[in-house]
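Undergrad: Here you go, one structure.
In the working numbering, the protein residues as written are -13 to 399.
Put into structure tokens, the structure is as follows:
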């Protein structure tokens, strides 16, 4: 979620009750006007739905409908959706709507969205509308306010879903699952991080309450949180619809002991988009790590890995979009190395990781040409030697494997 910080509604319980009382008074006034006409939702190709009212009924289930302050037309009654009374505007749970149709759902989400209320319940589900800018609704104070609260006591929030799972885990001693789904750019990655933020925050508070003298360090909770920058660097990329799109699926397991403390975690990944490494459109990018590394790695590290060029000098980054508004690749690389340190990757481990990364960049620059006997040959052997240097493999064997690969058919080569 990129952009400037926008003022957010207060999430305190007292303020929550105050807003409900004010809304009730406003609803009573609007209700009086609403009862005078038969309002309906009219399909609109640009707006989705537009508010209108039925002027009169016609034969064959047709009706004359008025929209835009006077424009009238004939519509079939099945093409129109019923409108909920104003008292249902901005309702926190759409299961409470009197008329639960698509138009009413969209209208309710729209009203809440423009009030910076991006979370709305729909029965057992939580609907999130991505604002594409930062909202200060994930602070430690707000996080703590959701602990142990029932749904009706506090506004809808991803923290509420997280707390419900955590409390059910402790009460029923059964595994809990939170499924986050949506189209590209819906906010799945960000909300996944907020779930982890809540679970690690609440669990660490319980731990500190029991052992106040515990010294801070690379705790398990910190390691789980710091896994996100690493996963995003190597698995996320800018697409046409999303600046930070996850190009793989992940299944995160967090284990808790009987006391509610985090005991461990593991992440399974699947459906990784390998082809993005070698090809991207001009409006998209390769994986974040390539830009972070080329812009943020120290000069001595780049010299050691023979990376003396910029983004335009490597095939796998040359044709892609170079900059994303609001993103600082060099700063993100620093965050990445810090996160690797928290995950107990020492300097040598990180160097080995960056060797592989440099090798991928050098591999992309290898070009082949054809000799007279149609045998492929390296256009520039020095490029292949760079790959061999960073990987520590013999140039002759590498070149042989590249130009004269052996194919296996069954048990035979």
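Every residue, glycine too, gets a C-beta built ideally from N, C-alpha and C.
Roughly how many angstroms separate the alpha carbons of residue 362 and residue 292, rounded to a whole number?
TA: Whole-angstrom Cα-Cα distance: 25 Å.
Undergrad: So, with DSSP's three-state summary, where would you put residue 236?
TA: Correct three-state label for residue 236: strand.
Undergrad: For a test of the three-state rule: what should DSSP assign to residue 381, helix, strand or coil?
TA: Three-state result, residue 381: helix.
Undergrad: Report the rounded CA-to-CA distance for residue 341 versus residue 395, giving the unit in angstroms.
TA: If I take the Cα positions, the gap works out to 32 Å.
Undergrad: Taking the alpha carbon of residue 372 as the point to measure from, which residue in 333, 288 and 249 has its own alpha carbon closest?
TA: Checked all of 333, 288 and 249; the closest Cα to residue 372 is 288.
Undergrad: Does the stretch 314 to 328 come into contact with the stretch 237 to 245, if we say contact requires no fewer than three beta-carbon pairs (one atom in each stretch) closer than 8 Å?
TA: Counting Cβ pairs under 8 Å, fewer than three are found: no touch.
Undergrad: Taking C-alpha atoms, which residue in 122, 172, 190 and 107 lies nearest to residue 82?
TA: Of the candidates 122, 172, 190 and 107, the one whose C-alpha sits nearest the C-alpha of residue 82 is 107.
Undergrad: So the beta strand (DSSP E) residue 58 belongs to, where does it begin and stop?
TA: Element bounds for residue 58: 57 to 62.
Undergrad: If the criterion is Cβ atoms closer than 9 Å, does the pair residue 147 and residue 115 meet it?
TA: Not a contact, by the Cβ cut-off of 9 Å.
Undergrad: What residue does the alpha helix (DSSP H) around residue 215 start on, and which one ends it?
TA: That run of the alpha helix (DSSP H) goes 206 to 221.
Undergrad: Measure how close the beta-carbons of residue 86 and residue 27 come, nearest whole angstrom, since I'm counting them as under 8 Å.
TA: Not confirmed; about 13 Å, so no contact.
Undergrad: May I ask you to report which of helix, strand or coil DSSP gives residue 36?
TA: In this structure, residue 36 counts as strand in the three-state DSSP scheme.
Undergrad: Do the stretch 329 to 346 and the stretch 274 to 285 meet, that is, are 3 or more Cβ pairs less than 8 Å apart?
TA: Yes, they touch.
Undergrad: Return the chain-ordered list of same chain residues with a C-beta closer than 7 Å to the C-beta of residue 59, the five sequence neighbours on each side being excluded.
TA: Cβ within range, chain order: 51.
Undergrad: Beta strand (DSSP E) containing residue 303: first to last residue?
TA: No beta strand (DSSP E) contains residue 303, which is instead part of the alpha helix (DSSP H) from 301 to 304.
Undergrad: Please state whether DSSP places residue 283 in a helix, a strand or coil.
TA: Coil at residue 283, not helix or strand.
Undergrad: For residue 253, count the other beta carbons within 10 Å of its own beta carbon; 16 or more makes it buried, fewer makes it exposed. Which is it?
TA: By the 10 Å Cβ count, residue 253 comes out exposed.
Undergrad: Could you say if the stretch 120 to 130 and the stretch 153 to 160 meet the contact criterion of at least three C-beta pairs nearer than 8 Å?
TA: Verdict: no, contact absent.
Undergrad: Any contact between the stretch 68 to 81 and the stretch 90 to 102? By contact I mean 3 or more CB pairs, one from each, below 8 Å.
TA: Segments in contact, yes.
Undergrad: Could you spell out where the beta strand (DSSP E) holding residue 110 opens and where it closes?
TA: Segment: none, residue 110 is in no beta strand (DSSP E) and carries neither H nor E.
Undergrad: Can you give, in chain order, each stretch of the beta strand (DSSP E) that sits fully within the stretch 147 to 198 and has at least 3 residues?
TA: Runs of the beta strand (DSSP E) inside the stretch 147 to 198: none found.
Undergrad: Quick one: grab the DSSP three-state call for residue 67.
TA: The answer is strand: DSSP assigns residue 67 an E or B state.
Undergrad: Once you ignore the five residues that flank residue 328 on each side, which residues in its own chain have a CB closer than 8 Å to its CB?
TA: So the list reads 204, 208, 209 and 212, once near-sequence residues are dropped.
Undergrad: Within a Cβ cutoff of 8 Å, which residues of the same chain sit near residue 272, ignoring the five residues on either side of it in sequence?
TA: If we look at residue 272 and ignore the five residues flanking it on each side, its Cβ neighbours are 223, 262, 263, 266, 302, 303 and 306.
Undergrad: Taking all protein chains shown into account, decide if residue 382 is buried (16 or more other Cβ within 10 angstroms of its Cβ) or exposed.
TA: The residue in question, residue 382, is exposed, as its Cβ has fewer than 16 Cβ neighbours within 10 Å.
Undergrad: Please work out which residues of its chain come closer than 7 Å, Cβ to Cβ, to residue 227, disregarding the five sequence neighbours upstream and downstream, and give them in chain order.
TA: Around residue 227: 170 and 171.
Undergrad: Determine the contact status of residue 129 and residue 184, defining contact as a CB-CB distance below 9 Å.
TA: Their beta carbons are under 9 Å apart, which means residue 129 touches residue 184 by this criterion.
Undergrad: Verify whether the separation of the beta carbon atoms of residue 331 and residue 275 is less than 9 Å.
TA: Not in contact: residue 331 and residue 275 (Cβ atoms no closer than 9 Å).
Undergrad: Roughly how many whole angstroms lie between the Cα atoms of residue 391 and residue 294?
TA: Spanning the two alpha carbons is a distance of roughly 30 Å.
Undergrad: For residue 132, is the classification buried or exposed, using 16 other Cβ atoms within 10 angstroms of its Cβ as the cut-off for buried?
TA: Classification of residue 132: buried, given that the 10 Å Cβ count is 16 or more.
Undergrad: Expressed to the nearest angstrom, what Euclidean distance is found between the alpha-carbon atoms of residue 356 and residue 380?
TA: In a straight line, the C-alpha of residue 356 is about 23 Å away from that of residue 380.
Undergrad: Helix, strand or coil: which one does DSSP assign to residue 261?
TA: Of the three classes helix, strand and coil, the one that applies to residue 261 here is helix, per DSSP.
Undergrad: Closest to residue 414 by C-alpha separation, out of 90, 64 and 62, would be which residue?
TA: Limits of the chain in this structure are -13 at one end and 399 at the other, which puts residue 414 out of reach.
Undergrad: Around the C-beta of residue 300, are 16 or more other C-beta atoms found within 10 angstroms, so that it is buried, or is it exposed?
TA: Looking at its Cβ environment, which holds 16 or more other Cβ atoms inside 10 Å, residue 300 is buried.
Undergrad: Pull up the distance between the alpha-carbon of residue 143 and that of residue 109, whole angstroms please.
TA: Cα to Cα, the separation comes out at about 14 Å.
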